[in-house]
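Below is one structure, written out as structure tokens, with a few remarks after it.
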Amino acid sequence: MFSYPQKNNLSSNPEPDSHSNHDRRTLTDKLRQQHEVIKNDAGEWVLLRHADVMAAALDDSTFSSQVSRFLQIPNGLDGAEHDRFRALIDSYLNQSALTPYLPVFKDVASEIMSALPKDTVINAVTDIGAVFAVRAQCAWLGWPAGLEPVLLQWITDNHNATRSKDNAKMAQVAQDFNEIIRSVIIPYRSADNTDNALKDIDGHTVTAQLCCERVDGRELSEAELVSILRNWTGGDLGSIALCVGVIVAYLVEHPEQINVWAGASNTDLEAMIDEVLRIDDPFPSNRRVTTCPVTIGEHQLPKGARVQLNWTSANRDETVFGDNSFAPEDHAADNLVYGIGRHVCPGRLLATWQLRIATQALLAHINHIALAPNHPLEREQPPLGGYRDVPVILS
Numbered sequence: 000m001f002s003y004p005q006k007n008n009l010s011s012n013p014e015p016d017s018h019s020n021h022d023r024r025t026l027t028d029k030l031r032q033q034h035e036v037i038k039n040d041a042g043e044w045v046l047l048r049h050a051d052v053m054a055a056a057l058d059d060s061t062f063s064s065q066v067s068r069f070l071q072i073p074n075g076l077d078g079a080e081h082d083r084f085r086a087l088i089d090s091y092l093n094q095s096a097l098t099p100y101l102p103v104f105k106d107v108a109s110e111i112m113s114a115l116p117k118d119t120v121i122n123a124v125t126d127i128g129a130v131f132a133v134r135a136q137c138a139w140l141g142w143p144a145g146l147e148p149v150l151l152q153w154i155t156d157n158h159n160a161t162r163s164k165d166n167a168k169m170a171q172v173a174q175d176f177n178e179i180i181r182s183v184i185i186p187y188r189s190a191d192n193t194d195n196a197l198k199d200i201d202g203h204t205v206t207a208q209l210c211c212e213r214v215d216g217r218e219l220s221e222a223e224l225v226s227i228l229r230n231w232t233g234g235d236l237g238s239i240a241l242c243v244g245v246i247v248a249y250l251v252e253h254p255e256q257i258n259v260w261a262g263a264s265n266t267d268l269e270a271m272i273d274e275v276l277r278i279d280d281p282f283p284s285n286r287r288v289t290t291c292p293v294t295i296g297e298h299q300l301p302k303g304a305r306v307q308l309n310w311t312s313a314n315r316d317e318t319v320f321g322d323n324s325f326a327p328e329d330h331a332a333d334n335l336v337y338g339i340g341r342h343v344c345p346g347r348l349l350a351t352w353q354l355r356i357a358t359q360a361l362l363a364h365i366n367h368i369a370l371a372p373n374h375p376l377e378r379e380q381p382p383l384g385g386y387r388d389v390p391v392i393l394s
């Protein structure tokens with residue numbers, strides 16, 4: 000069923016493509032055509048093919064998500080514990096809970112896109128995607144506007160630390176973000192909330208509501224609140240920025256699609272965005288660990304083996320997606336951009352709506368968008384996906 004090369008370096012840079020020498024897709028496309036699974040330099044078994052990634056994601060009893068030594072709610076939990084927290088989290092991220100925020104997201108997007116400088120080079124990732132992600136998430140959660148520059152700087156620091164693969168730097172930016180969250184939730188958890196503590200804050204925000212939630216009849220601990228809010232923000236801010244970069248890069252490379260996208264219905268545009276993200280998936284992978292011995296071809300993975308589900312590769316598997324041409328309707332059912340199974344991304348609807356709204360606002364406020372002359376697209380460095388720099392000129 001599986002072949003097993005002795006070692007393949009997924010942590011090194013793949014061969015160059017037309018954009019830069021960091022396009023991870025170039026490497027995984029080649030590896031997938033030769034191997035069903037590889038072992039990388041970190042000792043992880045990397046699943047490359049669509050069927051294998053999907054099967055592992057659906058078999059959460061064998062491929063556990065409890066990989067990190069840090070608390071991760073809900074994506075680092077399994078079984079009944081995961082289900083309890085997931086039910087709570089889904090109540091904030093379902094259609095009825097998010098619909099009231101659609102006008103808010105539209106106002107945020109319109110404000111940002113209308114203020115974008117024209118006829119000068121901007122980076123769609125940092126100047127459009129990151130700003131929108133931070134402002135939209137703060138509006139949804141009820142976080143103070145004064146945190147925007149802090150969060151924008153954190154996105155930069157987090158990406159720099161991730162690129163460096165320096166564990167100390169990554170631990171520090173994680174701790175920095177935890178402190179940002181604690182600064183937001185402390186007023187809601189103060190012992191004397193009745194008078195002064197809540198005088199100057201809105202007690203009806205999403206964050207305020209979350210601070211009052213209970214699981215198994217008890218209040219959420221500070222660590223649990225921080226973990227949930229870190230998942231909703233730390234995980235999404237940089238990801239939304241990278242998604243916007245991928246979307247804008249696609250449009251500048253396919254200008255014939257701009258008018259089509261501008262006139263598309265909400266449903267059709269969401270499908271087209273999902274397809275672009277499938278072709279160039281900015282969410283490279285998730286980790287799992289085996290809970291029992293697993294047979295892979297002629298090889299036995301012991302209990303505790305580290306496994307990587309490579310979404311980037313699975314979403315480009317030629318046995319499922321052919322030549323990877325743009326075909327939203329044909330490919331929707333097999334698209335794994337947001338994962339699959341019990342651990343499918345809880346924020347899928349939020350991200351889908353935000354990306355659609357941001358794209359609509361951008362197209363509504365410009366007449367033309369083009370890649371800046373003499374400024375090539377620059378890919379992100381592994382383990383990040385998408386682009387680091389999408390230099391464009393708006394008019």
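Here numbering that gives the first Met the number 0 is used: position 137 in the sequence shown is 136, and no number is missing along the way.
Note that the Cβ used here is the ideal one computed from N, Cα and C, for glycine as well.
Cβ-Cβ distances below 8 Å link arginine 83 to Val214, Asp215 in the same chain, with the five nearest sequence neighbours on each side left out; the list follows chain order.
Annotation: leucine 241 is outside any beta strand (DSSP E); the continuous alpha helix (DSSP H) that includes it extends over 233–252. Distance from the CA of histidine 342 to the CA of aspartate 118, rounded to the nearest whole angstrom, comes to 43 Å. One alpha carbon belongs to asparagine 323, the other to proline 375, and they sit about 23 Å apart.
Only buried fits serine 64, as 16 or more other CB atoms lie within 10 angstroms of its CB. Apart from the 5 residues on each side of it in sequence, threonine 290 sits with its Cβ closer than 8 Å to the Cβ of Ser60, Thr61, Phe62, Ser63, Lys302 in its chain, given in chain order.
As computed with DSSP, phenylalanine 62 is found in a beta bridge with Thr289.
By the neighbour-count definition (other C-beta atoms within 10 Å, threshold 16), proline 148 is an exposed residue. Leaving aside the five residues that flank threonine 266 on each side, none in its chain has a CB nearer than 8 Å to its CB. Residue pairing for isoleucine 392: DSSP places it in a beta bridge opposite Val120, Ala369.
Ranked by how close their Cα comes to the Cα of aspartate 280, the residues Pro390, Gly244, Asn166 have Gly244 in first place.
With respect to the C-alpha of aspartate 333, the residue from Ala313, Leu349, Ala350 having the closest C-alpha is Ala313. Secondary structure of arginine 23 (DSSP, three-state): helix. With respect to the 9 Å criterion, aspartate 273 and glycine 346 are not classified as neighbours on the basis of their beta carbons. The shortest C-alpha to C-alpha distance from aspartate 316 to any of Pro99, His34, Asp22 is the one to His34. When only Cα atoms are considered, threonine 98 and alanine 86 end up about 18 Å apart. Just so you know, the alpha carbons of glutamate 252 and valine 124 end up roughly 16 Å apart.
Here arginine 48 has Arg31, Glu35, Ala313, Asp316 as same chain residues with Cβ atoms under 7 Å from its own Cβ, once five neighbours each way along the sequence are excluded. Shown here, tyrosine 337 sits in coil according to DSSP, grouped into three states, outside any helix or strand.
Per DSSP, the beta bridge partners of glutamine 307 are Val45, Arg286. In the displayed model, glutamine 174 falls within a helix according to three-state DSSP. Secondary structure at valine 205: helix, using DSSP grouped into helix, strand and coil. Annotation: methionine 169 to leucine 383 spans about 13 Å, alpha carbon to alpha carbon.
With 16 or more neighbouring CB atoms inside 10 Å of its own CB, alanine 357 falls in the buried class.
Per DSSP, lysine 38 lies in no alpha helix (DSSP H) segment; the continuous beta strand (DSSP E) that holds it begins and ends at 36–38. If you look at cysteine 211, you'll find it isn't in any alpha helix (DSSP H); DSSP assigns it neither H nor E.
Under the criterion of beta carbons closer than 8 Å, tyrosine 249 and valine 275 qualify as touching, at roughly 5 Å. Boundaries for aspartate 280: no alpha helix (DSSP H) harbours it, and the DSSP string shows neither H nor E there. Annotated as distal: proline 390 and valine 66, with beta-carbon spacing of 9 Å or more. Residue environment analysis places phenylalanine 69 among the exposed positions, since fewer than 16 neighbouring C-beta atoms fall within 10 angstroms of its C-beta.
Straight-line measurement puts the Cα of alanine 129 at about 24 Å from the Cα of asparagine 373. It is roughly 31 Å from the alpha-carbon of leucine 92 to the alpha-carbon of arginine 378. Classified as buried, lysine 38 has 16 or more neighbouring CB atoms from the shown chains inside 10 Å of its CB. Judged by DSSP secondary structure, threonine 155 falls within the alpha helix (DSSP H) whose first and last residues are 147–163.
Leucine 26 and leucine 370 have their C-alpha atoms roughly 25 Å apart.
Bounds of the alpha helix (DSSP H) holding arginine 347 are 347–363.
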